[in-house]
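Note sheet for the following structure.
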Amino acid sequence: MNLTSTAPSGSRGPPGSLTQLLGQRTGIGASVPPRAPAQWQFSRDQIEAGYAGGELAADPVKTRDDMQRGIQFLVHIANRIQCPHTTFATAATMFHRFYVRRSPRAHPFYDMAATTMFLASKVDENMVKLSTLCQHCAMVATKGKSKDLKAEAEKWERVIKSNEVVLMEALAFDFQVDPPSRVLFNYFEASGLPKVVAQLAIAFMTDSLRTTLVLEFQPSDIAAACLLLGYKLARSPPPADMYVRLNTTAAAALKVAHRILDYHQPAPATAAAWSRSSPSDPNRLSAPGSATTSSSASPAPPAVGDPPREKVKLSLSEMRRRRAGGASEESKTEGVKGGEPPAGGGGGPAGAAAAGRR
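With full-length UniProt numbering as the guide, the letters of the sequence shown map in order to residues 1 to 358.
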């Protein structure tokens, strides 16, 4: 079932900069964040009714889990080929756009995840050899246990070659992708915010790409929401001019932030995973500038997908202490570590966050 829309690169920066550390090519010349093309913006009702050929409406829990496994496959590949986060985000955006118009029954999630990564590497001008990509796909798909990785890589090469044209046709040959992570990195370069906040924001950005938020909201809204959550988790107030500089509003950022928290705190199993009944407790995230805070504002560990294994995260014990209101001043940033996540990172904060080149 096709959906009908209703909604209307620069340099690498100086050595040692946060931009270079994260492998992100910024675009500081762009003062106003880009807006997503109107044909790729949809309402939540449209997505729930038509995503993945209508299978999201028929079986939301299974379809959501399968879709997120496809994105997790992208995370593993991004880590292995050491591509910039924007390339991963471009692939994830193409992945979601593809399933707006196609069904996973005819086009399996893993096959299209590999294909979107190959096409995204071209679009984002971070080319990776097809043979190299296929070797990593084979390694991830077989968990390195195959006795004939060469044969497995050849299978992936055939899959990608046969699906690339299918992907381009489904995208209507529209390769204009401005992922929210590019807006986020541009803000990093211009503002010089604390590294802990940056790492947390990238973590939430990766989690947002596991959902269909890129089909519902503008890149600047998602970037602002990730920054808001990063500042909130770091127990630091966001800058007063953050929303103006990102060309968005506090209300829009807060709306997206609650949706990201819904990913970490999903509705009970009896409720549809994508329904509006999923919890949006206002105490989880106070409005910017509000004097009311709650220890429950920190997101719980993800309950969907693989357990979190990345280095950039808060420890589970720290999260429990915060929810219980017993976090001490010294433990505010406990467990937040730099460096790149392991290739097999799970579904919690970070994912492919630091998968870029150093």
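Beta carbons: idealized from backbone N, C-alpha and C, even for Gly. In this text, all values refer to a predicted model and were calculated from it rather than measured experimentally.
Given that a residue counts as buried once 16 or more other Cβ atoms are within 10 Å of its Cβ, and exposed if not, what is residue i?
i, result
"residue 165", "exposed"
"residue 62", "exposed"
"residue 208", "buried"
"residue 220", "buried"
"residue 244", "exposed"
"residue 104", "buried"
"residue 108", "exposed"
"residue 106", "exposed"
"residue 68", "buried"
"residue 188", "buried"
"residue 181", "buried"
"residue 253", "buried"
"residue 25", "Residue placement at residue 25 is poorly supported in this model, since its pLDDT is 35, which falls under 50; the coordinates are not used for a value here."
Note down the Cα distance separating residue i from residue j, rounded to an integer number of angstroms.
i, j, result
"residue 226", "residue 159", "34 Å"
"residue 125", "residue 133", "15 Å"
"residue 168", "residue 148", "31 Å"
"residue 110", "residue 95", "10 Å"
"residue 223", "residue 151", "41 Å"
"residue 141", "residue 74", "11 Å"
"residue 157", "residue 246", "40 Å"
"residue 185", "residue 205", "11 Å"
"residue 370", "residue 71", "There is simply no residue 370 to check, as the chain begins at 1 and stops at 358 in what is shown."
"residue 260", "residue 218", "14 Å"
"residue 44", "residue 255", "13 Å"
"residue 240", "residue 264", "27 Å"
"residue 65", "residue 58", "14 Å"
"residue 262", "residue 46", "19 Å"
"residue 22", "residue 192", "No answer about residue 22 holds up, because its pLDDT of 37 lies below 50 and its placement is not dependable."
"residue 230", "residue 78", "23 Å"
"residue 232", "residue 144", "39 Å"
"residue 48", "residue 102", "14 Å"
"residue 137", "residue 146", "12 Å"
"residue 313", "residue 203", "Low per-residue confidence applies at residue 313: pLDDT is 37, beneath 50, and the placement is therefore not dependable enough to give any value."
"residue 200", "residue 183", "15 Å"
"residue 173", "residue 60", "29 Å"
"residue 175", "residue 76", "23 Å"
Do residue i and residue j have their CB atoms nearer than 8 Å?
i, j, result
"residue 93", "residue 179", "yes"
"residue 113", "residue 135", "no"
"residue 257", "residue 228", "yes"
"residue 88", "residue 171", "no"
"residue 51", "residue 128", "no"
"residue 248", "residue 177", "no"
Any contact between the stretch 232-247 and the stretch 195-204? By contact I mean 3 or more CB pairs, one from each, below 8 Å. yes
Sufficient close CB pairs (3 or more, under 8 Å) joining the stretch 40-52 to the stretch 210-223: yes
Validate contact between the stretch 115-122 and the stretch 82-101 using beta carbons, cut 8 Å, 3 pairs: yes
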